[in-house]
Each structure stands twice: as structure tokens, then as C-alpha cells.
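Undergrad:
Number of protein chains: 2
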Amino acid sequence: MATKKKTERVTIRTVAEDAGVSVAAVSKVLRSAYGVSDALRAKVQASMAKLGYRPLAAARGMRGQTYTLGVLLSDISNPFFSDIMAGINAALERTEYQPLIGVSQSASSIELELIDAMQDRQMDGLILVAPRMKAADLDTVATRIPSVLIGHHLPGATLFDTVNDNDVLGANLVVKHLAGVGHRNIVFLSLQMPALDDVLITTQREIGYTTAMAECGLARYTQIVRADQTAREARTLARHLLQSRQRPEAIFCWTDFIALEVLSVATELGLSVPGDVAIVGYDNTRYCDMAQNSLTSVDQSGQLLGLQAARLLIERIKGREKAEHLVLTPRLVARSSSLKVATSVPGPAAA
Amino acid sequence: MATKKKTERVTIRTVAEDAGVSVAAVSKVLRSAYGVSDALRAKVQASMAKLGYRPLAAARGMRGQTYTLGVLLSDISNPFFSDIMAGINAALERTEYQPLIGVSQSASSIELELIDAMQDRQMDGLILVAPRMKAADLDTVATRIPSVLIGHHLPGATLFDTVNDNDVLGANLVVKHLAGVGHRNIVFLSLQMPALDDVLITTQREIGYTTAMAECGLARYTQIVRADQTAREARTLARHLLQSRQRPEAIFCWTDFIALEVLSVATELGLSVPGDVAIVGYDNTRYCDMAQNSLTSVDQSGQLLGLQAARLLIERIKGREKAEHLVLTPRLVARSSSLKVATSVPGPAAA
DNA sequence: CGTTCAACGTATACCGTTCTACATTATCGA
DNA sequence: TCGATAATGTAGAACGGTATACGTTGAACG
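Respectively, the protein sequence lines represent chains A and B. The first sequence maps to residues 114 to 464 in our numbering. The second sequence maps to residues 114 to 464 in our numbering.
1) Within 7 Å of any Cβ in chain B, is that where the Cβ of A:E206 sits?
2) Is there a Cβ from chain B that is less than 7 Å from the Cβ of A:G381?
3) Got a sec? Which residues, its chain only, sit under 6 Å from B:D341 by beta carbon, not counting five neighbours each side?
4) Count the other CB atoms within 10 Å of the CB of A:D144; is the residue buried (16 or more) or exposed (fewer)?
5) Taking CB distances under 7 Å as the criterion, tell me whether A:D233 reaches chain B.
6) Comparing the C-beta of B:M198 with each C-beta of chain A, is any distance below 7 Å?
7) Against chain A, does B:Q211 count as a neighbour if the rule is that its beta carbon must be under 7 Å from one of theirs?
8) Counting only the same chain and skipping the five closest in sequence on each side, list residues whose C-beta sits under 8 Å from that of A:L154.
9) Can you list, in chain order, the residues of its chain with a C-beta nearer than 7 Å to that of B:G269? Leave out the 5 residues immediately preceding and following it.
10) How far does the alpha helix (DSSP H) with B:F301 in it extend, from its first residue to its last?
11) For A:I430, decide whether its Cβ has a neighbour in chain B, counting only Cβ atoms nearer than 7 Å.
12) From what residue to what residue does the beta strand (DSSP E) around B:F365 run?
13) Under a three-way DSSP split, which group does B:Q211 fall into?
14) Buried or exposed for B:Y147, please, with buried defined as at least 16 other CB atoms from any protein chain shown within 10 angstroms of its CB.
15) Along chain B, which residues have their Cβ under 8 Å away from the Cβ of A:N202?
16) Is the CB-CB distance between B:V281 and B:I320 below 7 Å?
17) Quick check on A:S377: does DSSP put it in helix, strand or coil?
18) Might you give, ordered along the chain, the residues of its own chain that have their beta carbon closer than 8 Å to the beta carbon of A:A327, omitting 5 neighbours on each side?
19) Roughly how many angstroms lie between the CA atoms of B:G215 and A:V261, to the nearest whole one?
20) Taking C-alpha atoms, which residue in A:S357, A:S303, A:E381, A:P387 lies nearest to A:A347?
21) Enumerate in chain order the residues of its own chain whose CB-to-CB distance from B:R318 is below 8 Å, with the five nearest sequence positions on each side excluded.
22) Relative to the C-alpha of B:N191, which candidate in B:V440, B:L272, B:Y400 has its C-alpha closest?
23) Looking at B:R126: is its Cβ nearer than 7 Å to the Cβ of B:V136?
24) If you drop the 5 nearest sequence neighbours on each side, which residues of the same chain put their C-beta closer than 6 Å to that of A:Y166?
25) Alpha helix (DSSP H) containing B:G293: first to last residue?
26) Quick one: which unbroken beta strand (DSSP E) runs of 3-plus residues sit fully inside the region 242-275 of chain A? Chain order, please.
27) Does A:L452 pass the burial test, meaning 16 or more other C-beta atoms within 10 Å, or should it be called exposed?
28) Checking 7 Å against the spacing of the C-beta atoms, do B:A423 and B:L241 come in under that value?
29) Near B:V446, which residues of its chain fall below 8 Å by C-beta distance, leaving aside the five closest residues on each side in sequence?
30) For a cutoff of 7 Å on Cβ pairs, would you count B:R167 as touching chain A?
31) Counting C-beta neighbours from all protein chains within 10 Å, is the total for B:H290 16 or more, i.e. buried, or is it exposed?
32) What does DSSP give as the partner residues of A:N277 in its beta bridges?
33) Could you tell me whether the Cβ of B:Q416 comes closer than 7 Å to any Cβ of chain A?
34) What is the rounded straight-line gap between the Cα of B:P387 and the Cα of A:I392?
35) Report the CB separation of B:L267 from B:T275 in whole angstroms; it is logged as a contact under 8 Å.
36) In terms of residues, what are the limits of the alpha helix (DSSP H) holding A:Q336?
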């Protein structure tokens with residue numbers, strides 16, 4: 114009982130001593146490595162349980178793995194990301210891996226710092242959600258740490274895996290739906306980007322929008338406007354659009370949060386939705402289904418995206434070299450914000 | 114140039130060699146420890162910059178600090194938490210500390226696992242946001258790792274600091290406001306808890322509600338109903354309340370998200386808000402200000418809470434022993450969801 | 001009955017820091 | 001000029017794991 118020092122930490126050595134085996138044997142059990150008899154394993158596990166031993170991640174990190182995965186989110190306030198996290202957590206539930214989140218606040222400089230920080234902390238793998246950093250930086254990162262990207266279209270990438278929803282199709286569905294209920298002057302409210310880049314989901318959605326408009330014979334109505342992430346700028350832009358002489362018949366927003374702001378501005382201006390203007394969002398977050406919003410949106414199961422990303426990452430950590438690129442299929446959820454007139458047939462309410 | 118091994122990692126030794134000093138000297142510079150001349154510091158820093166040296170957290174963790182702080186969130190989908198994170202990030206901006214988030218999904222078992230995981234990873238400090246774990250477990254954690262709790266009322270705690278908003282006052286403001294515009298039958302929609310415990314913010318709000326009702330002479334109208342975190346249960350309960358014979362004149366919800374669900378149900382039932390029923394939320398998240406919601410709420414500056422918590426944590430890591438307990442003051446933001454009749458004077462819209 | 005070889009264990013170098021204990025100079029007052 | 005003291009720098013032992021390189025068995029085989 115009375116050991117010399119007080120509050121002695123339980124290390125692999127303590128366990129070895131208690132079980133009457135070597136340190137290496139304990140380590141083998143821990144890593145479920147080759148060359149351990151059932152008897153020995155049992156003995157060691159008994160000792161570990163008895164002593165309440167927990168391996169120290171820092172020490173493991175010095176030579177092997179840390180069993181920690183880094184998740185890079187640009188902004189936790191977007192409820193879509195919480196779906197992704199739920200999927201990641203579900204996938205890692207029964208594994209030894211622990212996901213830890215870093216928030217980049219949508220700034221590419223912070224993004225890089227954060228990734229460096231994760232690298233310094235010897236993370237075994239990275240899940241990057243809609244990163245904004247340069248392609249070259251991304252490659253650098255991916256060569257050092259197994260990485261999976263969500264919301265980054267680069268099917269030719271060899272250094273990392275990607276998991277995406279088909280954003281071109283998603284935007285396509287929206288335009289077809291709006292055109293189907295008779296709208297022609299459909300504006301796409303997109304995200305302000307430093308440069309148009311095919312890897313970005315917003316660019317993909319712009320492509321889907323433009324293509325679909327052409328396919329519907331509405332090419333001459335094609336109009337893309339862009340605002341940054343802030344509610345403020347989206348509102349200014351929305352106000353401008355809604356008060357202009359030829360007010361759009363429908364505004365399709367790149368993400369739900371922006372659509373909700375547009376809905377707010379329309380309401381303030383005394384416009385009826387969808388009577389005066391139809392509004393559509395993207396991501397089908399929980400707010401869409403609330404009756405005061407009843408926002409048509411595109412469902413892209415964030416949960417599934419997260420789950421698959423985590424699965425791919427584990428595979429990659431375990432040694433897979435060949436890149437995989439998953440593309441899931443979106444689904445339109447029509448609600449009353451986009452139906453033509455008072456023929457409004459709202460989708461079934463939740464609960 | 115051509116060293117033996119390829120892609121040699123830049124360690125403290127590489128730097129020492131390059132600068133022509135000892136390893137210990139470099140370490141001293143890193144830690145800005147005592148006994149370094151300006152000349153030496155300059156030399157070392159030049160080498161570090163030249164070689165792009167970054168200290169390995171795992172190695173530091175073996176001996177000293179990891180410069181990593183753990184943030185425990187129950188659920189990232191609540192936008193209030195993103196405000197808290199923004200505050201934490203702001204406070205740590207210019208420091209060496211890196212915050213990493215773990216999500217417990219509101220389950221106290223996961224909560225404990227997560228804290229163990231953070232402990233295994235040698236986090237220097239913990240910020241726990243509205244934890245659900247038992248007091249004893251909390252004490253155990255706090256004795257091992259410097260901890261600050263947000264949204265946990267325990268002004269007598271000696272092992273950790275707390276940062277809170279005055280929830281009793283917040284609920285008080287709401288009741289006074291509602292009573293002021295003539296409501297009497299005010300129901301409080303609270304959170305289902307395993308047991309009533311004064312440390313919980315919801316209990317505090319219940320107390321504030323009950324007290325204020327009594328103070329307003331409305332004791333006989335006092336009614337508290339409780340639902341769990343899910344939208345489903347909140348909706349069921351809301352439907353029940355709104356369809357009952359004596360429908361409440363006002364429903365005060367413990368958090369915005371629930372209030373928005375209640376608003377949704379009310380809208381579905383064809384009730385006018387605030388004409389038929391007033392609705393009030395808590396946290397003043399971004400959704401409150403949207404015109405379709407225009408939800409009266411209590412602002413408790415999550416940003417400030419996060420900022421203060423991070424500040425206190427750093428102090429504690431640096432050695433402060435005496436516990437500090439901050440209580441901030443909430444502010445009511447009245448919007449049209451709670452005004453008596455068509456005299457509705459909506460608050461100024463954003464932007 | 002020797003040889004081979006898989007199965008099981010062990011000893012120990014090593015990972016990249018921190019930090020104590022100590023060595024070597026300057027600085028300076030008497 | 002001589003300690004005494006402060007200032008600066010170094011050597012090297014930890015920290016707690018991992019994983020390589022071996023040593024020892026015992027069973028199977030020819």
C-alpha cells in the first residue's frame with residue numbers, strides 16, 4: 114500500500130509489476146499486437162482494470178498513435194455541422210478514437226494555424242469540413258496526416274479522400290422544382306468567394322443552378338448574386354433584391370441560414386411568401402420544418418456524410434493508400450415557402 | 114544539406130545545432146525561462162524561424178504543459194454555444210493555448226468518457242459548459258485539472274471557478290415583462306431533469322419564475338411543465354398546452370430553440386402570436402431577431418461568458434488557487450412575440 | 001532424436017521535450 | 001586582488017509509452 118511517493122501515477126510499469134509480466138507484454142496487450150497468449154492477456158487486463166490504468170496519449174504519441182482525430186469546422190453555429198458531428202461520433206462510438214473539434218471561424222489563416230496545432234498534437238487523422246485553404250496547403254497537410262474532406266469537390270485527389278453530396282444535382286432539383294410550379298425569374302443567392310473554384314460546394318451549386326436554368330429554357334433569367342457569411346450583408350442584398358423594380362419570383366439561397374434571413378427581410382417588407390416571392394434554402398436543417406419558416410430545402414444528410422468520412426478516415430489510418438471519393442445523393446424537401454400560390458400543400462409537420 | 118534520413122523532423126536538437134547552442138538553451142527560450150541573454154535569444158529565434166521549428170505537444174506533455182484546453186459542450190447545435198466559443202477563441206487569440214472541443218451529446222456517460230479522454234491527453238485546463246455530471250465526479254476532475262464551469266451555479270465551490278449569468282434575474286425579468294403587458298396565466302416550459310438541482314440553470318430559472326410570479330401576485334397561476342431536449346417532446350407538450358381548455362396567455366421557454374418550436378406549433382394551430390398566446394425564449398440567439406420569429410428573449414452574452422471563462426482558466430493554470438465566481442447580468446430584449454395586442458412595436462431589425 | 005520454426009515473452013533503445021543541478025564566466029564591492 | 005554574487009549556459013536524467021531485436025520454449029517433422 115504505502116508506496117514512497119504520494120499519488121503515484123499508474124503507468125504501464127505499475128501494471129506490468131502487478132501482473133508479474135514485462136512492460137513490453139503489457140504494451141502488446143494494449144495494442145492488441147501479435148504474440149500474446151490468452152492467459153497473459155487475461156492477467157494483464159485484470160491488473161489494468163484493478164489499478165484503473167489509462168494510457169497517456171502524450172506518451173503514446175511520441176512513438177505511435179494518439180488515437181485522436183481532429184475535426185476542422187469553419188463555424189459551429191451552422192446546425193448542419195452538428196449533424197455531421199453526430200455522424201462522426203456515431204462512427205467512432207465503439208472505437209478507441211476520440212474526435213476533437215477545432216473552430217476556424219471561417220478564416221483561412223486560422224484554419225492553417227489550427228491544422229498546424231493539430232499536427233503538433235500528433236493527431237492520427239483529420240476530417241476537414243469545407244476548408245477554405247489553398248490546394249497546395251491541403252496537399253501538404255494530407256501528405257503528413259491521413260485526411261478526409263467533407264464538402265470539397267476534388268474527385269481527382271490522390272492524397273486524401275472526399276465525401277460529398279452531389280451539389281450540382283441538389284441545385285438542379287431546386288430549379289426544376291421552382292420552374293415546375295411556374296417560376297421563371299429565379300435568383301441564386303450564393304456565397305462571396307475569394308475566387309471561383311470548382312472544389313467549393315457553392316461553385317458546384319452555382320453550376321447546377323446555371324445548367325438547370327438553361328435546361329428549363331430560363332437562361333435569360335439567370336442571375337447569381339453573392340454575399341459573405343454575415344447576416345448583415347445577406348439582409349442588405351435581400352432588401353435590395355426584394356425592393357428592385359423587377360423583383361425575382363424566387364430566391365434560392367446557398368444555405369438555410371441565409372434563406373431564413375431572406376425570409377425575415379421579406380416578412381419585414383410585408384411581402385407574402387410564396388405569394389410575392391418564393392424562397393428556398395439548402396441543408397434541410399431543423400429550422401426548415403418549423404411552421405413559421407416552412408422552408409423548402411435540399412436534404413443532404415449531414416449525419417451520413419460524417420459517418421462515411423469517419424469510416425474512410427479509419428481505413429486510411431489503417432493503411433489504405435488509394436483515394437476514395439464518395440458522392441451522396443440529395444433530396445428535395447418541398448415546403449410551403451416555394452409553392453406557387455394558395456394551393457400551398459405544406460409537407461407533413463414533424464411530430 | 115543531404116542528411117542521412119529523409120524528411121528529418123525539425124526538433125529542438127536541430128535548432129540547437131543550427132544556432133550553435135545547447136538543447137537546454139533552446140528550451141529556455143521556448144519557455145521564456147530565466148537565464149537567457151538577448152543575444153542568445155535572438156540567435157535561437159532566428160534558427161527557429163529559419164527551420165520552421167514547431168514544438169511537439171506530445172513531448173511537451175510528457176514533462177510539462179500541452180498548451181491545449183478542453184472545452185466540453187453538450188451539443189453544438191445550440192447557437193448559444195457558438196457565441197461562447199467565439200468568446201473563448203477571442204480570449205485565447207494571442208496566447209499559446211489552443212482550445213479543442215469535445216461534444217457529449219447531452220449524455221452524462223459520454224461526458225465522463227470525454228473528460229477522461231481529455232485527461233489522457235494532458236489538457237492543461239478544462240472549460241465545462243453546463244455539465245450534467247454528478248458533483249462528486251466534478252470535484253474529482255477539478256482536483257486533477259484546472260477547471261472553469263459555465264452555466265453551473267455553485268458559488269461555494271472551492272475547487273473550480275464558475276461563470277454564470279444571473280438566471281434567477283433573467284426569469285424574473287421575463288415574468289415582470291409579461292405581467293407588465295397584462296398577462297397572468299404564464300406557464301414556464303422547463304427542461305426535464307433527472308433531479309431538481311440548484312446548480313442547473315434551468316432550476317435557477319424555475320426559481321426566478323416562481324418567485325416573480327409570487328411577487329406579481331400571480332402565484333395561483335404558477336405552472337411549470339418540463340420536456341426533454343428533443344423537438345418532438347417539446348412539440349407534443351406545446352400542442353397539449355395550446356389546445357387545453359384554459360390555454361395559457363403566455364409560454365416562457367427555458368431556451369430559444371424550444372420557444373421556436375412552440376411558436377411553430379402555435380402557427381400550425383392557427384393561433385396568433387402574441388394575440389392568442391405570447392411566447393418568450395432565452396439566450397437571444399440570432400434566430401430571435403428574424404421577423405418571422407420576432408421572439409422576445411433574454412440576452413446573456415455568450416461571448417462574454419466564454420471570454421471570462423477563458424481568462425479565469427488561464428489565471429488558474431498560472432497558479433491561482435482561490436476560486437472565483439462571476440455572475441453577469443442578463444438583459445431582456447422585448448420583441449413582438451410577447452406584446453399584448455396589435456400595439457406591437459417590433460424591436461429594430463438587424464442590419 | 002536432432003532440427004526447424006512458430007509462438008510467446010523480454011530487454012531496451014528511442015521519441016522530443018522539460019527542468020534540476022551544476023559549471024563557467026562576468027560584475028563588483030571591499 | 002580576492003572572494004561573493006549574479007548572470008548565463010550546459011549536461012543529462014526523467015516522462016510513459018512503442019516497437020525492434022532477441023531469447024526461450026515446445027511441438028511437429030523427417
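For every residue, glycine included, the Cβ atom is placed at its ideal position computed from N, Cα and C. Being a predicted model, the structure only gives us computed values, none of them experimental.
TA: So, to answer that:
1) Here the question's residue 206 of chain A lines up with position 93 in the first sequence. Not an interface residue.
2) Locating residue 381 of chain A in the first sequence gives position 268, where the first residue counts as 1. Looking at the sequence shown, residue 381 of chain A is not Gly but Glu. Yes, A:E381 counts as interfacial toward chain B.
3) For the purposes of this step, residue 341 of chain B is taken as the residue at position 228 of the second sequence. Cβ neighbours of B:D341 beyond the five flanking positions: Q305.
4) Working through the first sequence from its first residue, we reach residue 144 of chain A at position 31. With the sequence shown as reference, residue 144 of chain A is identified as Arg, and Asp is not the correct amino acid for it. The residue is exposed, with fewer than 16 neighbouring Cβ atoms inside 10 Å.
5) On the first sequence, position 120 is the one that residue 233 of chain A refers to. True, the Cβ-Cβ gap to chain B drops below 7 Å.
6) Looking up residue 198 of chain B in the second sequence gives position 85. Yes, its Cβ sits closer than 7 Å to a Cβ of chain A.
7) As a first step, residue 211 of chain B must be located in the second sequence, where it is residue number 98. So, interface residue.
8) Stepping through the first sequence from its first residue, residue 154 of chain A is reached at position 41. According to the sequence as given, residue 154 of chain A is Arg; it is not Leu. Once the five neighbours on either side are set aside, the close Cβ partners of A:R154 are V142.
9) Residue numbering aside, residue 269 of chain B sits at position 156 when the second sequence is read from its first letter. Contacts found: none.
10) The residue you call residue 301 of chain B lines up with position 188 of the second sequence. First-last for B:F301: 299-304, but that is the beta strand (DSSP E), not the alpha helix (DSSP H).
11) Residue mapping note: residue 430 of chain A aligns to position 317 of the first sequence, counting from 1. With 7 Å as the cut-off, A:I430 does not count as an interface residue toward chain B.
12) The residue you call residue 365 of chain B lines up with position 252 of the second sequence. 363-366 is the extent of the beta strand (DSSP E) around B:F365.
13) Here residue 211 of chain B corresponds to residue number 98 of the second sequence, with the count starting at 1. Three-state result, B:Q211: strand.
14) Residue 147 of chain B sits at position 34 when you count from the first residue of the second sequence. It counts as exposed.
15) Working through the first sequence from its first residue, we reach residue 202 of chain A at position 89. Near A:N202 (Cβ distances below 8 Å), the residues of chain B are V216, Q218.
16) Within the second sequence, the letter at position 168 stands for residue 281 of chain B. Within the second sequence, the letter at position 207 stands for residue 320 of chain B. Cβ atoms of B:V281 and B:I320: closer than 7 Å.
17) What you label residue 377 of chain A is simply residue 264 of the first sequence in a count that begins at 1. DSSP places A:S377 in helix when its eight states are reduced to three.
18) The count along the first sequence starts at 1 and reaches residue 327 of chain A at position 214. Closer than 8 Å at Cβ, skipping near neighbours: T335.
19) As a first step, residue 215 of chain B is located in the second sequence; it is residue number 102 there, counting from the start. As a first step, residue 261 of chain A is located in the first sequence; it is residue number 148 there, counting from the start. Cα to Cα, B:G215 sits roughly 19 Å from A:V261.
20) Residue 347 of chain A sits at position 234 when you count from the first residue of the first sequence. Per the Cα distances, A:S303.
21) On the second sequence, position 205 is the one that residue 318 of chain B refers to. Result list for B:R318: D280, V281, G283, A284, F301, S303, W367, Y395, in chain order.
22) Taking the second sequence and counting its residues from 1, the one referred to as residue 191 of chain B is at position 78. Comparing Cα-Cα distances from B:N191 to each of B:V440, B:L272, B:Y400, the minimum goes to B:Y400.
23) Translated into positions along the second sequence, residue 126 of chain B becomes position 13. Translated into positions along the second sequence, residue 136 of chain B becomes position 23. Yes, the Cβ-Cβ distance between B:R126 and B:V136 is below 7 Å.
24) One-based indexing of the first sequence puts residue 166 of chain A at position 53. For A:Y166, where only same-chain residues beyond five positions count, the Cβ hits under 6 Å are V123, V128.
25) For the purposes of this step, residue 293 of chain B is taken as the residue at position 180 of the second sequence. Here the alpha helix (DSSP H) through B:G293 covers 280-293.
26) 260-263
27) Here residue 452 of chain A refers to the residue found at position 339 when the first sequence is read from its first residue. Classification of A:L452: buried, given that the 10 Å Cβ count is 16 or more.
28) Indexing the second sequence from 1 puts residue 423 of chain B at position 310. Indexing the second sequence from 1 puts residue 241 of chain B at position 128. No, these two residues do not count as a Cβ contact at 7 Å.
29) Along the second sequence, read from residue 1 onward, the residue named residue 446 of chain B stands at position 333. Contacts found: N397, C401, T409, S410, V411, D412, G460.
30) Counted from its first residue, the second sequence places residue 167 of chain B at position 54. Judged by the 7 Å Cβ criterion, B:R167 is in contact with chain A.
31) Mapped onto the second sequence, residue 290 of chain B falls at position 177. Buried: at least 16 other Cβ atoms inside 10 Å.
32) If you number the first sequence from 1, residue 277 of chain A lands on position 164. Beta-bridge pairing links A:N277 to A:V440.
33) As a working note, residue 416 of chain B is residue 303 in the second sequence. Output row for B:Q416: interface = no.
34) Locating residue 387 of chain B in the second sequence gives position 274, counting from the first residue. Locating residue 392 of chain A in the first sequence gives position 279, counting from the first residue. For B:P387 and A:I392, the distance between alpha carbons rounds to 25 Å.
35) What you label residue 267 of chain B is simply residue 154 of the second sequence in a count that begins at 1. What you label residue 275 of chain B is simply residue 162 of the second sequence in a count that begins at 1. That pair is a contact at about 6 Å.
36) Counting from one through the first sequence, the residue named residue 336 of chain A turns up at place 223. It is not in any alpha helix (DSSP H) - A:Q336 instead sits in the beta strand (DSSP E) that spans 336-340.
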